[in-house]
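Taking it in order: structure first as structure tokens, then the write-up.
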Amino acid sequence: MPSSAPAAAPADLRIEPVDAVLDDVERSLQTRLDRDTLVRKRRSLGARTDRGTWVRIERRRMEKIGSQGWNGTECAAVLEGVAQPRWHRAVVWRQPDGAAMWRADETDLLPGAPIGTSVLATDPGLPDAWWQALNASLDALAAHRTSRVATPDTVTITQGGVTEAARRFLPDGMDTTVSQWRPAHADLNWANMTGPKFCLFDWEDWGMAPRGLDAASLWGNSLAVPALAERVRQERRRDLESRDGKLMTLFVCAKVLAPDAHPEDPRLEPARRTTARIAEELQTG
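Each number in our numbering comes from the position in the sequence shown (counting from 1) with 30 added on.
Right, here's the structure in full:
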């Protein structure tokens, strides 16, 4: 089992030394990682292997690992009808100081490059076939059932959390109960999908969530490009126009309009307009 790892805090794998971790993963999975393809994010790493696959390595603090575990990519392998990389194997180990867990998942290579960063500033000009594949995968995902609960931003989604977010925009005492819970990817953004061929990856946080979470998340990550946000709204309008979808839109807008939001974030004004409209619709509908 791998044993070496950098300290858990501060947790930023973009700047920490990671050679020992990569060496350990290579020994455990019996492969070589192409260091020239290494992608470094705050809490994850990724690289191509010498057998033509991809390995994603994540570090997660112990308090962020709930009773359901954190094997989302492995569990997502059973989902039928969803375009995703095929999962092969994994290795999991505990950091020597006990502060965090590490996990490396090996999957097929993506069929294309990620579309962009999580929030887009320009329209990627995706073909109609891409949108059709997105809809087919999200509809297939919603038809499944799982004991997992979604953890957007590594935080378990609950009725209480939905209510807290929605009541920032709704009158006190208004009913914010979610009526439909369905499987969701729970991290649907433009950095987790490929183009021009559609594929959805990074399944660490998927699980049951209120209807419309994925649609609202993708819409929220598109707000800086009005035409793109409108395309998302049109494609997923059945989810977004449902009562639960409207609650999920408020849930996403609460994050966009957080107190620490950058004052020049182009998503702020469309998010404010949308919350005002949806709050009125929920009160009068």
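Positions of the beta carbon are idealized from the N, C-alpha and C atoms, including for glycine.
Given a threshold of 16 other Cβ atoms within 10 Å of its Cβ, counted over all protein chains shown, does residue i qualify as buried or as exposed?
i, result
"Val192", "buried"
"Glu294", "exposed"
"Asp66", "exposed"
"Ala35", "Residue placement at Ala35 cannot be trusted, given a pLDDT of 46 that sits under 50; the coordinates are not used to answer."
"Pro157", "exposed"
"Pro115", "buried"
"Gly102", "buried"
"Gln313", "exposed"
"Ile45", "exposed"
"Ser247", "buried"
"Pro182", "buried"
"Gly82", "exposed"
How many angstroms separate the CA atom of residue i from the CA atom of residue j?
i, j, result
"Leu168", "Glu56", "34 Å"
"Ala106", "Asp138", "14 Å"
"Arg307", "Asp244", "20 Å"
"Arg263", "Asp127", "46 Å"
"Thr304", "Gly203", "21 Å"
"Gly275", "Pro240", "8 Å"
"Ala257", "Gln125", "45 Å"
"Ala288", "Thr61", "43 Å"
"Arg133", "Arg78", "16 Å"
"Asp290", "Thr186", "21 Å"
Using CA coordinates, which residue listed in the options is at the minimum distance from residue i?
i, options, result
"Gly225", "Ala301, Ala134, Leu164, Val208", "Leu164"
"Ala151", "Asn251, Met278, Asp269", "Asn251"
"Glu311", "Leu270, His292, Ser209, Ala259", "Leu270"
"Val48", "Ser58, Gly76, Trp249", "Gly76"
"Leu277", "Ala221, Asn222, Gln189", "Gln189"
Do residue j and residue i come within 7 Å of each other at the CB atom, strictly closer than that value?
i, j, result
"Lys227", "Gly142", "yes"
"Ala120", "Glu104", "yes"
"Asp235", "Ala216", "yes"
"Ala173", "Gly237", "no"
"Arg175", "Gln98", "no"
"Leu280", "Ala214", "no"
Since residue i and residue j are thought to touch, with beta carbons under 8 Å apart, how far apart are those beta carbons, to the nearest angstrom?
i, j, result
"Asp135", "Trp160", "Their Cβ separation, rounded to whole angstroms, is 25 Å, which puts Asp135 and Trp160 out of contact at 8 Å."
"Arg86", "Ala41", "No, Arg86 and Ala41 are not in contact; Cβ-Cβ is about 16 Å, not under 8 Å."
"Val316", "Ala170", "The question about residue 316 has no answer, for the chain in this structure spans 31 to 315."
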